[in-house]
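Heads up: the sequence shown begins at 7 in the working numbering, then just goes up one per residue. We treat Cβ as the ideally placed atom computed from N, Cα and C, and that holds for glycine. As the structure is a prediction and not an experimental result, all values here were calculated from the model. Notes follow once the structure below has been shown.
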Amino acid sequence: MPTLLPTPFKSITPGLGAVTALAICFTPLPLLAQGQPSEQENPEQEEAPSRAPIPLVPGEPTWNSFHGQLNAQKYSPLDQINTDNVGELEKVWEVHTGDVADGSGELPATVWSATPVFANDTLYIGTPFYRILALDPGSGEEKWSFDTQSSLEALTQPALKNRGVAYWEADDPVAGEPCQKIIYMGTMDAQLFAVDADSGEQCADFADNGVLDVNQWNDTNDRWPLSLLQPPTVVGDHLVLGWAGMDWAYEQAPPGTVYSINARTGEREWTFQALSDEMRDQSGTANVWTHMSADEERGLVYLPVSSPSPNYWGGNRTEEVPLGTSTTALDIETGEVVWSRQWVHHDIWDYDINAAPTLMDITVDGEEIPALIQATKMGFLFVVNRETGEDVWPIEERPVPSGDGSVEGEVYAPTQPFPTKPEPLLDQSEKPNVWALADAVSSGECSALWDDLHYEGMYTPPTTQGEGTLGFPISAGGVQWGGVAFDPESQTVIVNTSHIVQYIKLYNRDDYDKADSGSGNESGFAPQEGALYGMRLEVALNRLGMPCWEPPFGELVALDMTSGDIKWRRPVGASQQYGFFMPESWGSPTIGGPAVTAGNIIFIGASMDAKVRAYSLETGEELWSDQTEAPSVSNPAVYEYNGRQYVAFVSGGNTILKDQVGDQIAVYALPE
7 MPTLLPTPFK SITPGLGAVT ALAICFTPLP LLAQGQPSEQ ENPEQEEAPS RAPIPLVPGE
67 PTWNSFHGQL NAQKYSPLDQ INTDNVGELE KVWEVHTGDV ADGSGELPAT VWSATPVFAN
127 DTLYIGTPFY RILALDPGSG EEKWSFDTQS SLEALTQPAL KNRGVAYWEA DDPVAGEPCQ
187 KIIYMGTMDA QLFAVDADSG EQCADFADNG VLDVNQWNDT NDRWPLSLLQ PPTVVGDHLV
247 LGWAGMDWAY EQAPPGTVYS INARTGEREW TFQALSDEMR DQSGTANVWT HMSADEERGL
307 VYLPVSSPSP NYWGGNRTEE VPLGTSTTAL DIETGEVVWS RQWVHHDIWD YDINAAPTLM
367 DITVDGEEIP ALIQATKMGF LFVVNRETGE DVWPIEERPV PSGDGSVEGE VYAPTQPFPT
427 KPEPLLDQSE KPNVWALADA VSSGECSALW DDLHYEGMYT PPTTQGEGTL GFPISAGGVQ
487 WGGVAFDPES QTVIVNTSHI VQYIKLYNRD DYDKADSGSG NESGFAPQEG ALYGMRLEVA
547 LNRLGMPCWE PPFGELVALD MTSGDIKWRR PVGASQQYGF FMPESWGSPT IGGPAVTAGN
607 IIFIGASMDA KVRAYSLETG EELWSDQTEA PSVSNPAVYE YNGRQYVAFV SGGNTILKDQ
667 VGDQIAVYAL PE
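Below is the structure:
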């Protein structure tokens, strides 16, 4: 049964790995005794005054958080740039930060996925060398910079990673006092920095002279630091912190805990944990490593919770873990769980909920619904009432395959949740077709691989047999952490999705030790140390590096949220191989998400070909593009400054997608 709990996690997403070679019955339940679902640090605090819920409405023309707004709509009410003139866009300024490495020298490669934050008449950027830049939004001129002096070591990741900064300002600023507006940024070694948004000086009253050591709370299975690669989610005076770690490495790992921190002082207010105390000792993760969303008027923050460890074997966690791989709504003042929906039961596929749910008000069958849409790696879009967690369109529990008996100690969920609307973004009903071209040029290599891969449909469990189990999608496919954008005027959702076939094989410990030949960037062999099985995950490519499955390899999709129906879909971007761009009809895998504007424009980078593009919201027609120095694997920012509308892209690249990294901030506007 799917769970809806008034009850009370993990690592950066294992990615496309060898995709570099592409260069191509709902039941309310009482509060469960699930360990310590929420631990209030300040139980004597006064209850927050109740506020009447109000609908979500288009916001101010700012872009002051990771997804533009706390509702994660990635929507701008600006319409100076529109379908009639977007073709005239020109690059009006660019900045090269110098904070870049390709991994060939002493430093690990950089992965730069920072959304530019526009607030306080400034564009704020975090870099993968853990510096904060404050730039003039109209010219790119530096106002100030702050260097955390963090060690540039890949402590928990295969690369130096940063997804940017968070912004807070006081409701009642005290004139002449510092840090009435603050920029926050975390580091891979679990230090959270707070600096004055006007001056770049550390905030002396926050934690220890402007630095909070989050790793002081890493007290269970502390195999790695609680890396702060994603900026905090700022809700009122709360900083809500998740963390990232190492995927696929250990059976027992730091258990996922979310912290609410006072934005002014750095004091811990409450904690949330997705695992019971017993499970925290024997498993781990089930953390929140991506951004969160919030409905301030309803006093709720929404957590996309990832899967427990180890990722691809669950023999150490055979009891139910109802908050793993879920969307969980917490009371922002107390951390208590208001409701939770689990999207994968007994997750043994690393199907982390990897994107903040997007909050929206939609009209369905004449009824106004305060809704939430959760995009997933599976290519599913789950739509529920954000107040209660109840289905908007029915979500059905359907039978799924069980194992083949080759994996000791494993249990299998007999059913999994399937949305009836919207329809899946990927067709998982049968094994994907072999791409005839890739098969022909490799003398049938793809067909032979397909014949040796086990597949019984969506949720086929991992096996030790043959080449393993085909996964479509699995860790790299579906929707990644960019999530969905929403146009509140037309009630249209925009989402980009990757079509990636991978295969997973488990190895018992002796066989793993013999077979282990190392791993690439978040692909290949991984030990799951302590578990009965190590594993190997690969992208299904032929010897020439061509994908064995039919294109398109990525699409952009528009959905009508009044009906749940798809309005249009089209390939997005172009794949690349040996320096050559493939036909755009083949599309590209994507990392990063879209933004949408009142000018009926969709802006997105995300693709392998390192282009940034504008599409028509109504038709999906490509209206504009420009070449940048690396794939823009971050969400774009749309803002207005001195009466002029701008669109900013961070073009930093991600070596999971392609061996091309950069340090470019590229900003576009119409000619003056």
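- Comparing C-alpha distances from Ser205 to each of Val644, Glu148, Arg542 shows the shortest one belongs to Glu148.
- The beta-bridge partner set that DSSP reports for Ile375 consists of Ile368.
- Taking a 10 Å sphere around the C-beta of Gln651, we find 16 or more other C-beta atoms and assign the residue as buried.
- Counting along the chain, Tyr518 sits inside no beta strand (DSSP E); it lies in the alpha helix (DSSP H) bounded by residues 515-521.
- For Pro553, the closest C-alpha among the options Pro438, Trp630, Asn77, Ser631 is that of Pro438.
- Tyr465 and Asp283 have their C-alpha atoms spaced approximately 28 Å apart.
- Per the DSSP secondary-structure output, Val92 pairs with nothing in a beta bridge.
- Rounded to the nearest angstrom, the gap between the Cα atoms of Gly411 and Ile189 is 52 Å.
- DSSP places Asp445 within a helical segment (H, G or I) once states are collapsed to three.
- Here the alpha carbons of Gly570 and Ala564 stand approximately 10 Å from one another.
- For Glu495, there is no enclosing alpha helix (DSSP H), as DSSP gives it neither H nor E.
- By alpha-carbon distance to Arg542, the top candidate from Thr596, Gln471, Asp566 is Gln471.
- Ser299 is not a Cβ neighbour of Leu141, given a cutoff of 8 Å.
- Straight-line spacing of the CA atoms in Gly659 and Asp371 works out to 43 Å.
- Under the DSSP assignment, Leu455 falls in the alpha helix (DSSP H) whose first and last residues are 451-457.
- Using a C-beta cut-off of 8 Å, the segment 503-510 makes no contact with the segment 624-637, since fewer than three inter-stretch Cβ pairs fall below that distance.
- Taking all protein chains in view, the Cβ of Ser594 is crowded by 16 or more other Cβ atoms within 10 Å, so the residue is classified as buried.
- Beta-bridge analysis with DSSP links Asn168 to Trp118.
- In the DSSP assignment, Gln236 is bridged to no other residue.
- Short of 8 Å from the beta carbon of Thr568, and not among the five residues preceding or following it, lie these beta carbons of its own chain, in chain order: Ile368, Thr369, Val370, Gln497.
- As computed with DSSP, Phe655 is found in a beta bridge with Ala672.
- The straight-line gap separating the alpha-carbon atoms of Ala454 and Trp355 is approximately 24 Å.
- Looking at the backbone, the Cα of Asp202 and that of Glu275 are separated by about 22 Å.
- Remark: C-beta atoms of Gln422 and Arg404 approach each other more closely than 8 Å.
- Using a Cβ distance threshold of 8 Å, Phe609 and Ala616 do not count as a contacting pair.
- Contact annotation: the segment 330-338 touches the segment 305-316, with at least three C-beta pairs closer than 8 Å.
- Per the C-alpha coordinates, the member of Glu112, Asn126, Gly144, Ala125 positioned closest to Val98 is Gly144.
- Nearest C-alpha to Ile267 among Leu232, Ala259, Ala125, Leu218: Leu218.
- For Glu628, the enclosing beta strand (DSSP E) covers residues 628-633.
- Taking 8 Å as the cut-off, the Cβ atoms of Val578 and Gly560 count as close.
- Inside the segment 259-287, DSSP marks whole beta strand (DSSP E) runs of 3 or more residues at positions 263-268, 274-279, from first to last along the chain.
- Between Gly598 and Asn641, the C-beta spacing is below 8 Å.
- Rounded to the nearest whole angstrom, the C-alpha separation of Val618 and Gly611 is 4 Å.
- The C-beta of His460 has 16 or more other C-beta atoms within 10 Å across all chains shown, which makes the residue buried.
- The beta-bridge partner set that DSSP reports for Val644 consists of Val653.
- Rounded to whole angstroms, the gap between the alpha carbons of Ala210 and Gly216 is 5 Å.
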